[in-house]
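Take a look at the structure below.
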Amino acid sequence: MNSVVKGTGYILVHTPDMIMRNGTTQTTEMIVNPGSEYLKELPNHIRTYDQAVNYYPNQTYIGNMTPAELAAIEGPWYDKPMENAPRYGKFGEIMPEAEFYLLMQTCDVFDLMRLHKDFVAEHLEAFKANPIIDETIVARVNAGVEQDEIEHFVNDEHAEGIYYNDKLVGYLKRAHDVDVNLSAHVMLENIVSKASSVLATLYAVQNAGINKEDVDYIIDCCEEACGDMNQRGGGNFAKATAEIAGLVNASGSDVRGFCAGPAHAIVDAASLVKSGAFKCVIVSAGGCTAKLGMNGKDHVKKGLPILEDVLGGFAIVITENDGVSAEINLDMLGKHSVGTGSAPQAVISALVTQSLDKHGLKITDIDKYSPEMQNPDVTKPAGAGDVPLGNYKMIGALAVKRGEIDKKDLASFPAKHGMMGWAPTQGHIPSGVPYIGFAREEIMRGEIKKAMIIGKGSLFLGRMTNLFDGMSFVMQTNTAAEAQAAAGVSEDEVKVLIGKALKEFAANLIAE
Amino acid sequence: MDLENQKRVKEFTEEYGAENIVVLLGAAEGEASGLAAETVTAGDPTFAGPLTGVSLGLKVYHVCEPEIKELIDEAVYEEQISMMEMVLDVDDIISEMTAIRDEFCKY
Numbered sequence: 001m002n003s004v005v006k007g008t009g010y011i012l013v014h015t016p017d018m019i020m021r022n023g024t025t026q027t028t029e030m031i032v033n034p035g036s037e038y039l040k041e042l043p044n045h046i047r048t049y050d051q052a053v054n055y056y057p058n059q060t061y062i063g064n065m066t067p068a069e070l071a072a073i074e075g076p077w078y079d080k081p082m083e084n085a086p087r088y089g090k091f092g093e094i095m096p097e098a099e100f101y102l103l104m105q106t107c108d109v110f111d112l113m114r115l116h117k118d119f120v121a122e123h124l125e126a127f128k129a130n131p132i133i134d135e136t137i138v139a140r141v142n143a144g145v146e147q148d149e150i151e152h153f154v155n156d157e158h159a160e161g162i163y164y165n166d167k168l169v170g171y172l173k174r175a176h177d178v179d180v181n182l183s184a185h186v187m188l189e190n191i192v193s194k195a196s197s198v199l200a201t202l203y204a205v206q207n208a209g210i211n212k213e214d215v216d217y218i219i220d221c222c223e224e225a226c227g228d229m230n231q232r233g234g235g236n237f238a239k240a241t242a243e244i245a246g247l248v249n250a251s252g253s254d255v256r257g258f259c260a261g262p263a264h265a266i267v268d269a270a271s272l273v274k275s276g277a278f279k280c281v282i283v284s285a286g287g288c289t290a291k292l293g294m295n296g297k298d299h300v301k302k303g304l305p306i307l308e309d310v311l312g313g314f315a316i317v318i319t320e321n322d323g324v325s326a327e328i329n330l331d332m333l334g335k336h337s338v339g340t341g342s343a344p345q346a347v348i349s350a351l352v353t354q355s356l357d358k359h360g361l362k363i364t365d366i367d368k369y370s371p372e373m374q375n376p377d378v379t380k381p382a383g384a385g386d387v388p389l390g391n392y393k394m395i396g397a398l399a400v401k402r403g404e405i406d407k408k409d410l411a412s413f414p415a416k417h418g419m420m421g422w423a424p425t426q427g428h429i430p431s432g433v434p435y436i437g438f439a440r441e442e443i444m445r446g447e448i449k450k451a452m453i454i455g456k457g458s459l460f461l462g463r464m465t466n467l468f469d470g471m472s473f474v475m476q477t478n479t480a481a482e483a484q485a486a487a488g489v490s491e492d493e494v495k496v497l498i499g500k501a502l503k504e505f506a507a508n509l510i511a512e
Numbered sequence: 513m514d515l516e517n518q519k520r521v522k523e524f525t526e527e528y529g530a531e532n533i534v535v536l537l538g539a540a541e542g543e544a545s546g547l548a549a550e551t552v553t554a555g556d557p558t559f560a561g562p563l564t565g566v567s568l569g570l571k572v573y574h575v576c577e578p579e580i581k582e583l584i585d586e587a588v589y590e591e592q593i594s595m596m597e598m599v600l601d602v603d604d605i606i607s608e609m610t611a612i613r614d615e616f617c618k619y
């Protein structure tokens with residue numbers, strides 16, 4: 001029987017102070033044009049936490065509004081605040097920077113990160129007040145250090161400074177004197193990824209209604225690598241995340257594939273469960289500091305706020321079939337193979353129609369497609385267009401070429417089979433997965449029957465191959481009842497029938 | 513344009529001579545095509561890459577422009593490009609590319 005999506009967690013973290021110091025667009029600019037107008041102007045374009053929370057796409061990401069509700073609001077959305085929007089949503093939350101620094105510190109198991117004692121004292125209560133943060137995590141909070149120590153490590157020991165409202169409030173030091181793989185910069189990126197993955201995982205477990213002890217395995221699919229100079233990508237974010245999240249019975253491993261990583265990881269997880277190897281597997285990923293403010297130059301030039309001011313994270317709980325949840329159909333996989341080629345036409349055919357053709361289905365038989373769900377507010381001003389819309393047009397054009405829709409219906413295809421994008425441009429984060437939480441609900445409510453999740457990855461960025469990559473899978477209405485009916489009377493039903501017969505037999509004996 | 517790609521364009525130009533280079537783009541938008549075309553003709557407008565302040569003036573086309581389309585085998589074009597041609601705003605791309613070539617192309 002197919003495995004099911006039992007629950008999902010989606011989180012964002014507002015990190016305004018990391019944009020300038022950790023986003024590569026900004027750090028590159030500091031090297032090549034240190035006195036540029038952009039760097040001078042950028043601080044005037046930073047959103048407050050409330051502005052990031054009151055932003056419709058972010059509210060959609062954490063589940064407070066549906067993709068359909070978002071699409072009903074005409075974009076751009078950055079200048080239309082959703083007044084008094086909540087921090088928490090049914091899928092997760094938008095965590096403020098200060099609390100995230102505490103979470104990062106609790107995720108550091110090598111005493112690399114320390115915060116100022118006053119900073120810790122000021123924000124500890126808020127951190128504890130978060131219902132998802134349990135006492136084991138709170139117990140990991142270090143009371144903090146003096147300013148002298150922070151300045152020493154930042155000024156003399158190559159530590160990364162931790163800033164809050166532009167003020168130095170902590171440090172994250174290197175984990176090795178010469179190994180660049182353990183430099184403060186890399187350790188910061190990795191601990192950020194781990195901490196945001198932990199947060200998403202905690203929500204996914206809660207939302208799935210399972211116990212932490214139930215999780216057998218966790219697969220991390222972010223785009224960072226952890227290791228040292230002898231094994232640069234040794235791993236393993238997954239198990240490190242499971243440890244802090246309290247998944248005591250879980251082991252895990254990391255799966256990578258640039259932005260296609262999540263789709264690969266979910267197919268792996270669904271296969272592990274369907275095969276019977278494990279009963280409950282989580283796929284998780286944290287966010288990426290390097291991509292903060294990635295399109296900032298265009299946003300600043302066009303007078304917009306820096307919209308790439310949040311880290312993203314997600315986690316998906318995949319379990320054995322429970323008879324009700326939306327299934328992952330492993331008979332309907334699409335993959336970009338080595339021989340596929342990199343023309344968009346070849347890529348889309350491989351990812352979309354490969355699995356449909358196997359089952360004699362048409363492109364229009366899939367109710368909703370979730371390809372790269374980047375928020376167009378971010379990408380359009382940067383000249384990259386509306387990414388989801390571009391994907392829907394391609395899928396629609398393929399349907400026209402296959403004679404499945406009329407060319408005149410091409411214009412209405414995106415609205416009918418697609419959605420407006422709402423995910424932050426964090427690479428793997430928008431890659432198909434933001435819709436899984438909504439798809440699960442829409443399928444279970446009977447609003448849709450089939451959704452295709454499509455992940456695409458730019459492998460050539462790693463300079464190991466010029467190849468593109470991609471993976472797709474289909475989520476569908478639960479078929480457990482149908483499968484049982486097809487198999488005849490189930491074992492449970494037989495037990496019930498025998499029990500009933502025995503009771504009747506006993507009753508007859510007593511009557512006699 | 514990606515910094516690494518700028519570097520490669522610059523190296524190829526040094527190796528083969530600017531007059532022998534044609535840069536072929538596949539960007540999905542007129543604006544993005546124009547930016548890439550500007551980078552390999554006038555120089556990197558974002559002042560970030562190796563082509564900052566380097567005006568190579570190269571010949572540059574988008575794969576959907578008629579000059580390129582007529583050079584490609586019809587069946588191959590149908591198989592590889594026709595779907596994207598249906599999706600892209602080809603007129604916008606042509607006008608952006610033509611404007612950049614008219615202003616900055618030296619060959």
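In order, the protein sequences belong to chains A and B.
So that you can map any letter, position 117 of the first sequence is 117 in this note's numbering, and since no number is skipped, the others follow by simple counting.
If you want this note's numbering, it's the 1-based position in the second sequence plus 512.
In this text, a Cβ means the ideal position worked out from N, Cα and C, and glycines have one as well.
Predicted model, so just to flag it, every value in this text is computed and none were measured.
Applying a beta-carbon distance threshold of less than 8 angstroms, which residues of chain B neighbour Lys40(A)? Near Lys40(A) there are no residues of chain B at all, since even the closest Cβ is about 14 angstroms away, more than 8 angstroms.
Using a Cβ cut-off of 8 angstroms (strictly closer), state whether Val599(B) contacts chain A. yes
Near Asn391(A), what residues of its chain come up, given a Cβ to Cβ distance below 7 angstroms and the 5 sequence neighbours on each side ignored? Pro371 and Glu372
Where do the ends of the beta strand (DSSP E) carrying Phe314(A) lie? Val310 to Thr319
At 4 residues or longer, and completely inside the region 165-231 of chain A: list those alpha helix (DSSP H) runs for me, N to C. 184-208
Do we get a CB-CB distance below 8 angstroms when we pair Lys297(A) with the residues of chain B? yes
Tell me the rounded alpha-carbon separation between Ser271(A) and Val317(A). 13 angstroms
How would you label Ile584(B), buried or exposed, when you count the other beta carbons within 10 angstroms and need 16 or more for buried? exposed
Taking all protein chains shown into account, decide if Gly35(A) is buried (16 or more other Cβ within 10 angstroms of its Cβ) or exposed. exposed
Report the three-state DSSP secondary structure of Tyr619(B) (helix, strand or coil). coil
I'd like to know if Ile593(B) contacts chain A, where contact means its C-beta is closer than 8 angstroms to some C-beta of that chain. yes
Partner residues on chain A for Leu537(B), Cβ-Cβ distance less than 9 angstroms: Chain A residues near Leu537(B): none, gap ~13 angstroms exceeds 9 angstroms.
Status (buried if at least 16 other CB within 10 Å, exposed otherwise) for Gly360(A): exposed
Integer Cβ distance of Ile448(A) from Asp367(A), believed to fall under 8 angstroms: 4 angstroms
With DSSP as the reference, identify every bridge partner of Arg114(A), one or two as the case may be. Tyr171(A)
Integer Cβ distance of Asn329(A) from Asn2(A), believed to fall under 8 angstroms: 6 angstroms
For the beta strand (DSSP E) holding Asp589(A), just list the boundary residues, first then last. In the structure displayed, chain A extends from 1 to 512; residue 589(A) sits before or after that span and is not available.
DSSP state of Gln476(A) mapped onto helix, strand, coil: strand
Opposing strand residues paired with Gly9(A) [DSSP bridges]: Ala315(A)
What residues in its chain sit with their C-beta under 7 angstroms from that of Asn181(A), if we drop five residues either side in the sequence? Gly227, Asp228, Met229 and Arg232
By how many angstroms is the C-alpha of Ser337(A) removed from the C-alpha of Val387(A)? 23 angstroms
Can you name the start and end residues of the beta strand (DSSP E) that Val281(A) belongs to? Cys280 to Ala285
To the nearest angstrom, how far is the alpha carbon of Tyr101(A) from that of Lys40(A)? 26 angstroms
Starting from the beta carbon of Gly519(A), find every residue of chain B whose beta carbon is closer than 7 angstroms, and list them in chain order. This structure cannot speak to residue 519(A), because chain A is shown only from 1 to 512.
Just tell me which of Ala277(A), Gly287(A), Cys222(A) and Ser251(A) has its CA closest to the CA of Ala260(A). Cys222(A)
Using a Cβ-Cβ cut-off of 8 angstroms, state whether Met394(A) counts as contacting chain B. yes
Selection of the region 552-585 of chain B by Cβ proximity to chain A, strictly under 7 angstroms: Thr558, Phe559 and Ala560
Mind checking His176(A): buried by the 16 CB within 10 Å criterion, or exposed? exposed
Tell me which residues share the same chain as Ala560(B) and place their Cβ nearer than 8 angstroms to its Cβ, disregarding the 5 neighbours each side in the sequence. Leu515
State yes or no: is the beta carbon of Met513(B) nearer than 8 angstroms to at least one beta carbon in chain A? no
Any C-beta of chain A under 8 angstroms from that of Met596(B): yes
Taking 8 angstroms as the CB-CB limit, is Glu523(B) close to chain A? no
What are the complete beta strand (DSSP E) segments, minimum 3 residues, inside the region 81-163 of chain A? 113-115
Round the Cβ separation of Phe438(A) and Thr201(A) to the nearest angstrom and send it over; I've been treating them as touching at under 8 angstroms. About 19 angstroms separates the two Cβ atoms, so there is no contact after all.
Where Ala554(B) sits in the DSSP three-state scheme: coil
Considering Cα atoms alone, identify which of Phe413(A), Gln354(A) and Phe460(A) is closest to Ser472(A). Gln354(A)
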